[in-house]
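Listed in order, the protein sequences are those of chains A and B. Our numbering applies: residue 1 is where the first sequence begins, and numbers increase by one. Our numbering applies: residue 338 is where the second sequence begins, and numbers increase by one. The beta carbon of each residue, even a glycine, is placed where N, CA and C say it ideally should be. Being a predicted model, the structure only gives us computed values, none of them experimental. This report refers to the structure that appears directly beneath it.
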Amino acid sequence: MKELEEIVGAAVRDLADDAPPPFDLATAARTQGRRIRRRRRTAIGSAAVALLLVAATPFVVFRQEREALPAAPTPSPSVAEKDWWDQPYQLPGGLIVTALTGSQNDNIMLDRLTGTYWQIPRAYEMVWGSPTATGAVVSDGSTLRVLHGPDSATSSVSNKVGFSPQWSPDGDRVLTTGSKEYAIWEVAAGQGQRIQKAPLLRDCKVICYFTWLPNGKEIALPQASGGIVVLDSETGNELRTLPVQGSPAGPGAWSPDGQFVIVVDAADLKGPRHVVDVRHGQVIGTVPDSTLHFLDDERILSIQDTTAEVYDVKGRLLETQTLPAAFAGRTVSVGRP
Amino acid sequence: MRQSLEDEFTAFVAARGQSLLRIAHALTGDPDAAQDLVQGALAKAYARWPRIHGDAEAYVRKIIYNDRVSAWRRPVRRNEVSVADVPEPAVDNRHDQAVTDRITVREALLSLPTRQRAVLVMRYLEDRSVEETAEMLGCRPGTVASQASRALDKLRALVGDQRVAMGGTR
Numbered sequence: 001m002k003e004l005e006e007i008v009g010a011a012v013r014d015l016a017d018d019a020p021p022p023f024d025l026a027t028a029a030r031t032q033g034r035r036i037r038r039r040r041r042t043a044i045g046s047a048a049v050a051l052l053l054v055a056a057t058p059f060v061v062f063r064q065e066r067e068a069l070p071a072a073p074t075p076s077p078s079v080a081e082k083d084w085w086d087q088p089y090q091l092p093g094g095l096i097v098t099a100l101t102g103s104q105n106d107n108i109m110l111d112r113l114t115g116t117y118w119q120i121p122r123a124y125e126m127v128w129g130s131p132t133a134t135g136a137v138v139s140d141g142s143t144l145r146v147l148h149g150p151d152s153a154t155s156s157v158s159n160k161v162g163f164s165p166q167w168s169p170d171g172d173r174v175l176t177t178g179s180k181e182y183a184i185w186e187v188a189a190g191q192g193q194r195i196q197k198a199p200l201l202r203d204c205k206v207i208c209y210f211t212w213l214p215n216g217k218e219i220a221l222p223q224a225s226g227g228i229v230v231l232d233s234e235t236g237n238e239l240r241t242l243p244v245q246g247s248p249a250g251p252g253a254w255s256p257d258g259q260f261v262i263v264v265d266a267a268d269l270k271g272p273r274h275v276v277d278v279r280h281g282q283v284i285g286t287v288p289d290s291t292l293h294f295l296d297d298e299r300i301l302s303i304q305d306t307t308a309e310v311y312d313v314k315g316r317l318l319e320t321q322t323l324p325a326a327f328a329g330r331t332v333s334v335g336r337p
Numbered sequence: 338m339r340q341s342l343e344d345e346f347t348a349f350v351a352a353r354g355q356s357l358l359r360i361a362h363a364l365t366g367d368p369d370a371a372q373d374l375v376q377g378a379l380a381k382a383y384a385r386w387p388r389i390h391g392d393a394e395a396y397v398r399k400i401i402y403n404d405r406v407s408a409w410r411r412p413v414r415r416n417e418v419s420v421a422d423v424p425e426p427a428v429d430n431r432h433d434q435a436v437t438d439r440i441t442v443r444e445a446l447l448s449l450p451t452r453q454r455a456v457l458v459m460r461y462l463e464d465r466s467v468e469e470t471a472e473m474l475g476c477r478p479g480t481v482a483s484q485a486s487r488a489l490d491k492l493r494a495l496v497g498d499q500r501v502a503m504g505g506t507r
């Protein structure tokens with residue numbers, strides 16, 4: 001005769017075995033999670049205002065004759081220790097900082113007209129600066145929009161296919177990845193988005209977003225079953241599969257001639273990034289886990305907190321530059337001067 | 338959130354999503370409720386990801402259990418089968434006795450109060466000790482033991498002594 005515990009154990013496992021397959025859990029959780037964050041911030045903001053009112057009330061009641069204080073000056077970005085924000089911040093290798101993001105209150109982007117940085121409205125928690133023009137993709141937690149400058153309203157770009165935005169190399173378009181399709185926004189032309197179904201996303205399980213190849217015409221998607229598939233961005237047609245294991249490490253992952261790509265190993269997300277020759281898939285060097293961008297001369301710019309470094313493709317350190325202290329913990333968008 | 342953290346979150350969900358859904362389904366007995374439960378827990382984890390990503394799994398599992406137990410405290414009890422719905426033990430000889438017992442117990446499991454079911458899931462699916470279960474559910478080890486004992490008593494009563502014999506708590 002079986003013991004009850006054995007039967008209970010088997011019944012519980014049976015129940016667990018009938019669990020549904022995970023369907024797009026990450027995307028749905030992100031959307032809901034961003035909503036939670038926004039609500040939390042609103043609640044904290046409201047509490048702060050309430051406290052301020054409580055603290056100020058006696059002062060207002062008893063000192064009504066006091067003259068109004070002058071208006072506070074427009075806040076300048078608090079991210080810097082010096083006046084570095086008064087001109088485009090130069091990085092090693094000739095690139096400049098086009099945006100800084102990662103703080104709820106002090107996201108900034110470069111206004112190329114004046115050459116200074118300006119503070120992005122608090123509603124936008126994430127910013128991806130354009131590599132070539134004044135402008136940035138901004139996220140309010142649920143939708144993506146484009147900010148064209150300090151005095152401009154956001155453009156009407158907003159969609160459901162809205163994760164991991166990637167500026168095209170010419171800065172005219174933005175590529176976003178959804179759960180079943182990708183979208184390309186014609187930002188510079190002020191046109192809408194074009195959505196392409198991408199069945200390949202079904203086999204893209206870990207780090208799953210499209211990146212532009214340097215020619216600005218092709219896009220790439222890593223596959224869980226191996227290789228990186230290159231597609232025609234216009235038609236969505238598969239063109240070729242590169243024998244590369246891993247996922248491209250962001251928008252600057254491809255060398256200018258497309259021969260090398262920096263990849264993240266899905267099994268070691270905090271480990272070093274690998275520089276891979278796409279012709280045969282061999283790893284030729286490693287660079288630190290950081291924000292990485294290939295430079296025009298095929299060296300690699302690495303930005304991590306307050307340090308910018310330049311490596312060659314074999315991972316040899318060539319140059320180091322210390323960044324302002326407030327870069328710590330931020331993600332840097334870079335572009336051409 | 339930084340891209341590397343976003344990637345980490347995506348990888349975590351890809352790696353652990355199915356396992357979390359198994360727990361949620363064992364707790365709820367309903368695919369949609371399980372999906373909602375896991376998605377809600379992951380959303381809370383995402384909102385705090387920069388702080389908790391080093392120990393995300395424990396955080397998410399704790400939320401799943403706590404949310405399920407809290408949901409039970411609310412007036413509307415979802416996915417619970419009333420005692421009256423528990424089928425009579427099958428007597429069809431075409432089925433293997435063990436399979437019949439298991440199906441009967443499965444139905445009976447879904448009739449248990451959520452907290453008792455949570456204890457059984459932790460003990461028998463996750464193979465957690467009494468102390469670990471108590472820590473996860475935020476109660477004393479003695480409470481876990483008594484909940485498990487009561488759950489098994491109820492199951493024995495629901496399923497019937499003639500079919501299974503009680504083995505006691507581990």
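Assigned with DSSP and collapsed to three states, P165 of chain A falls in strand. For D392 of chain B, there are no C-beta contacts with chain A under 7 Å, since the nearest C-beta of that chain is about 14 Å from it.
Closest option to G475 of chain B, judged by alpha-carbon separation, among B:L358, B:V406, B:A445, B:R487: B:V406. Checking the DSSP bridge columns, you'll see S247 of chain A partnered with A:V264. Proximity of the region 267-277 of chain A to the region 229-240 of chain A falls short of the contact definition, fewer than three beta-carbon pairs being nearer than 8 Å. From the beta-carbon of R13 of chain A, the residues of chain B found nearer than 7 Å are L462. The continuous alpha helix (DSSP H) containing M473 of chain B extends over residues 467-474.
For the options A:W118, A:S164, A:P169, the alpha carbon positioned closest to that of L147 of chain A is the one of A:W118. Sorting A:G315, A:R202, A:T306 by C-alpha distance to the C-alpha of T331 of chain A places A:T306 at the top. With a 10 Å radius around the Cβ and a threshold of 16 neighbouring Cβ atoms, P222 of chain A comes out buried. A residue is called buried once 16 or more other Cβ atoms fall within 10 Å of its Cβ, and A328 of chain A, having fewer, is exposed.
Taking the Cβ atoms as the reference, G285 of chain A lies roughly 3 Å from G315 of chain A, within the contact range of under 8 Å.
Per DSSP, the unbroken beta strand (DSSP E) holding Q196 of chain A starts and ends at 193-197.
Rounded to the nearest whole angstrom, the C-alpha separation of R388 of chain B and R37 of chain A is 13 Å. For S333 of chain A, the number of other beta carbons within 10 angstroms of its own is at least 16, and it is reported as buried. When C-alpha distances from E218 of chain A are compared across A:L242, A:D265, A:I207, the shortest belongs to A:L242. Residue burial annotation: T322 of chain A is exposed, with fewer than 16 other C-beta atoms found within 10 angstroms of its C-beta. Contact check for A11 of chain A and R439 of chain B: beta-carbon distance about 5 Å, within the 8 Å limit, so the pair qualifies. The closest CA to that of V287 of chain A, considering only A:D296, A:G281, A:H280, A:V263, is found on A:V263. The Cβ atoms of F294 of chain A and I300 of chain A lie closer than 8 Å to each other. For A220 of chain A, there are no neighbours in chain B by C-beta distance under 9 Å, as the nearest C-beta there is about 16 Å away. Just measuring C-alpha positions, the residue of A:G246, A:G252, A:I108 sitting nearest A266 of chain A is A:G246. With contacts defined by Cβ atoms closer than 8 Å, P214 of chain A and P248 of chain A do not form a contacting pair.
The Cβ atoms of Q196 of chain A and E181 of chain A lie closer than 8 Å to each other. When A:E298, A:D170, A:V261, A:P324 are compared, the shortest CA-CA separation from D312 of chain A is found for A:E298. Under the three-state reduction of DSSP, E345 of chain B is assigned to helix.
A direct Cα-Cα distance of roughly 10 Å separates F210 of chain A from I228 of chain A.
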